[in-house]
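Using this note's numbering, you'd call the opening residue of the sequence shown number 1 and step up by one each time. Notes to accompany the following structure.
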Amino acid sequence: MEEVNNYSGLKIGIIMDGNGRWAVARKQPRTFGHTRGLEAAKTTVKKAAELGISHITLYAFSTENWKRSEEEVGFLMKLISKHLKKEMDFYKKNSIRVKVIGDKSRLPKEIIKEIEDVETATDHFTGLTVCLAINYGGRDEIVRSINKALENKQEITENTISEHLDCPEITEIDLIIRTAGEQRLSNFLLWEAAYSEYYYTDILWPDFTEDNLLAALKWYGSRNRKFGGVK
Ligand code: IPE
Ligand code: IPE
Ligand code: MG
């Protein structure tokens, strides 16, 4: 597919859905889909870095995902922990800055430490920023943001809410991609996605390739963004 390299400054978010269905279709446990989904995430991040995208936010675990079986939740936590430890080199090699959004207080202690380590080790990189959404819920983030502003005795305005979000750099998301055919936000980036363009594809997340990312970006390029005005 032809590549158009005009994505600098672009902020995208991805709802990486369909890991379970991908695995079940192969008569494998759902967890196998998560392992393969992580590979698709790495490929996508690498491509995004190459294309000069500014921020990519990946929905890894929602505040609602605790409802899943203890086995699946435990597997996902271990996978995230292993990834943060093992992939430090991947991020460094590709000059990628890592940020984590979501409520860290409910996460296992070792993950909190690994998050701090990877954020500190990659903070000086100026290329792509990857925001990993872990125990993330859009409503929860807004409530936590308002409480932070109140603690600082600040007036509640759109600006003060934006400033106290987990990663204020992504207050405006340009494009949200969701795989696996579902057309909903599932509590992802509620505040940040107020004026996003939404791209849906039936492809299950573990099957998502660089070409699929390029197709989404090409579609985005064809949108007429009006922000309430008239063009
Ligand atoms: C998305 O895939 C990954 C996470 C929510 C962690 P799912 O696990 O939701 O896959 P489906 O939707 O059941 O196929
Ligand atoms: C959204 O997917 C959460 C992540 C991708 C981490 P879900 O599979 O949890 O969303 P629903 O339940 O279909 O809305
Ligand atoms: Mg799902």
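C-beta atoms are modelled at their ideal positions from N, C-alpha and C, and glycine is treated no differently.
Taking buried to mean at least 16 other C-beta atoms within 10 Å of its own C-beta, is Lys11 buried or exposed?
By the neighbour-count definition (other C-beta atoms within 10 Å, threshold 16), Lys11 is a buried residue.
Could you check what DSSP says for Glu110 in three-state terms: helix, strand or coil?
Reduced to three states, the DSSP call for Glu110 is helix.
What is the DSSP secondary structure of Ala121, reduced to helix, strand or coil?
The answer is helix: DSSP assigns Ala121 an H, G or I state.
When you compare only the Cα positions, how much space is there between Pro108 and Leu76?
Between the alpha carbons of Pro108 and Leu76 lies a distance of about 12 angstroms.
So the beta strand (DSSP E) Ala23 belongs to, where does it begin and stop?
Ala23: not part of any beta strand (DSSP E); member of the alpha helix (DSSP H) spanning 19-25, first to last residue.
Measure how close the beta-carbons of Lys42 and Phe90 come, nearest whole angstrom, since I'm counting them as under 8 angstroms.
The beta carbons of Lys42 and Phe90 sit about 7 angstroms from each other, so the pair counts as a contact at 8 angstroms.
Considering only residues of the same chain and omitting the five flanking positions on each side of Thr209, which have a CB-CB separation below 6 angstroms?
Residues of the same chain with a CB within less than 6 angstroms of the CB of Thr209, apart from the 5 flanking positions on each side, do not exist.
Inter-residue Cα distance where the pair is Thr57 and Lys93:
Those two C-alpha atoms are separated by around 19 angstroms.
Quick one: what's Arg225 bridged to in DSSP?
Partner residues in a beta bridge of Arg225, as assigned by DSSP, do not exist.
With Arg178 and Tyr195 assumed to form a contact (beta carbons below 8 angstroms), what rounded beta-carbon distance in angstroms separates them?
17 angstroms between Cβ atoms; not a contact.
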